[in-house]
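One structure is given below, encoded as structure tokens.
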Amino acid sequence: MTNKIRYFIANWKMYGDLRSLKTLNKVIKFTRSNRNKRFRIIYCPPFTLLSSFSKILKKSKINVGAQNIHEDLNFGPHTGFINSRMVKSLGVNYVILGHSENRVLGETNIKINKKVLSALKSKLNVILCIGETLYEKRKKFTKKILKKQLVQCLKGVNKKTKIIIAYEPVWSIGTGIVPNNVELENNINFIKSLIKRKFKNHIILYGGSVNPKNIEKINQLNLLDGYLIGGASQNSKKLIDIVKKTFN
Ligand code: 13P
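Per my numbering, the sequence shown starts with residue 245, numbered consecutively.
Following this line, the structure appears as structure tokens:
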């Protein structure tokens, strides 16, 4: 176990309402009593809860992120959307961009790139999701896809930017299936080799069916800076377990 900071990013997707706020107490307590450990928890709840999360977590070391933004930096006629400035004004410091659940709805790399640039202008830290579908994996297109996503989504980003990449194979999200460590190592090393050419300050996460049962096996890799966690992150006990097992 190296001394690097580990990130645990909780993507709540379209789950949670005001009753969910009470689950935060346990995690706040856990974070307080483990100040000596080098980890960072970032909650990404739905838009409706950003403001409440931000207020509750203000005095803790836990950060808050949004799950998406519109690319337009200004106010505008975009029904149903919010932009990076609006998110930032709530005390939010991160944003997930390029999630496959949004790519499948038509978000292209070009559009994601505009969102990345807009987020950075508003001083949000970008968590960029990349990953291949099952079809692309079977066709052995994985590396080609990952490279294209990285190059196009990060076009024009200043090389001094701290960039967070979440490798999320689409076939692993919500399925309980995790790539084996050889495959994961191969793909993570590939991503690192590309990203480090331009960005010195990079953080590489894995996401897809991470839970307390499989975390120790994934941790054996010792290549990752942390995890982007969906389903398991809504349960504070499971989230804490994942953090604890990473530091065992
Ligand atoms: P699951 O952990 O539920 O598979 O979701 C992963 C994910 O999509 C996080 O962004």
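All C-beta atoms, glycine included, are put in the ideal place defined by N, C-alpha and C.
- Contact annotation: G309 and V271 have beta-carbon atoms that are not nearer than 9 Å.
- At least one heavy atom of ligand 1 falls within 8 Å of the beta-carbon of G452.
- The DSSP assignment places 369 to 374 as complete runs of the beta strand (DSSP E) inside the region 356 to 384, in order along the chain (cut-off: 3 residues).
- The beta carbon of P290 lies closer than 8 Å to those of W256, K257, M258, Y259, G260, Q311 in the same chain, with the five residues before and after it left out.
- Of all alpha-carbon atoms in P423, L268, K392, G420, the one lying nearest the alpha-carbon of G342 is that of K392.
- Taking each of F283, I356, A363 in turn and checking the Cα distance to S304, the smallest one comes out for F283.
- Under DSSP, H446 takes part in a beta bridge, and its partners are I407.
- Taking a cut-off of 8 Å for Cβ pairs, the region 453 to 460 and the region 423 to 437 do not touch, as fewer than three such pairs fall below it.
- DSSP, read as helix, strand or coil, puts I249 in coil.
- By DSSP's assignment, F274 forms no beta bridge with any residue.
- Annotated three-state conformation of R282 is coil, per DSSP.
- Judged by beta-carbon spacing, V414 lies within the 9 Å limit of L378, meaning their Cβ atoms are closer than that value.
- DSSP, read as helix, strand or coil, puts G451 in strand.
- C-alpha of L394 to C-alpha of S366: approximately 21 Å in a straight line.
- Distances between the C-beta of L467 and the heavy atoms of ligand 1 are all 8 Å or more.
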